[in-house]
Amino acid sequence: MDDPKAAAQEHAVRRELEGYYAAGKPPWDTGVTPPELVNRVEGDGAPPPGRALELGCGTGTNAIYLARRGWDVVAVDLIDRAVRRARDKADAAGATVRLLCGDATRLDDLDVPGPYDLFFDLSCYCGIPPHRRDAYAAGLARRAAPGARLLMFGYGPEAFDDPISGVTADELRTRFADWTLTDVTPGTNDVPTAWFTLRRGRSGGAAAQTVDSR
Ligand SMILES: C[S@@+](CC[C@H](N)C(=O)[O-])C[C@H]1O[C@@H](n2cnc3c(N)ncnc32)[C@H](O)[C@@H]1O
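Quick note: the sequence shown uses our numbering, first residue 93, plus one each step.
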């Protein structure tokens, strides 16, 4: 990496994440699958199980949930300690999940060719330094099956006291221009959060807004 400031940002994010996992159970590791994912997978009009890629899977709660619902799941996290815990949890649950330690913005370095029908991101993208976000979007676009969905939960920029974290609907519309942002549902947290659903068109570009916008 040529830009020392960018490299320092990535290093700082990784160190902070490693610190959370080294200290024990991070505050986000609730072990509870959010109703928004359950609705996507089991609710009215839910698609049949297909192939899923989770970005920033932590200790694997939601990857294991998807596998138990019949999905063929690959899940990636940057932090080795999180992935090891996720493997232990998957083994204990008897769930088959490919759990990989790697960077969601450098998917070409991993054996994750796809295509995937569902991408799931619970609070990973919103913490990725801005200079890596285009690479994240490109990696997903290259691996998206026709009609793929991206279900993402993110904190708004106001939720952080640093200048690089957070995500907005406007940012996603711009950065994921080949997708259609079909839903934005505010979260119930004390700080600004939202669930975003994006859909890829059947022929690779953005989906027509009027047809099956779920
Ligand atoms: C707020 S935590 C949420 C973890 C998990 N989704 C959950 O809800 O329990 C964000 C996760 O994303 C991971 N992460 C952050 N940046 C990443 C990156 N560039 N590639 C892969 N994982 C990343 C972190 O290690 C962390 O486990």
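Beta carbons: idealized from backbone N, C-alpha and C, even for Gly.
- For Arg177, there is no enclosing beta strand (DSSP E); the enclosing alpha helix (DSSP H) has its first and last residue at Asp172 to Ala185.
- Closest in C-alpha terms to Pro127, from the list Asp254, Pro255, Met244 and Val259, comes Met244.
- In this chain, the alpha helix (DSSP H) harbouring Ala155 covers Thr153 to Arg160.
- Checking the 6 Å criterion, the Cβ of Ser215 is within range of a heavy atom belonging to ligand 1.
- By alpha-carbon distance to Asp203, the top candidate from Leu210, Phe212 and Cys193 is Cys193.
- Comparing alpha carbon positions, the residue from Cys218, Asp172, Ala159 and Thr277 closest to Ala185 is Ala159.
- Partner residues in the beta bridge of Leu273, as assigned by DSSP, are Leu290.
- Ligand 1 never approaches Trp271 closely enough for any of its heavy atoms to be under 6 Å from the residue's Cβ.
- Excluding its 5 nearest sequence neighbours in each direction, Arg106 has C-beta neighbours in its own chain below 7 Å: Leu170, listed in chain order.
- Under DSSP, Tyr247 forms a beta bridge with Thr285.
- Taking the C-beta atoms as reference points, Trp120 is found no nearer than 7 Å to Ala144.
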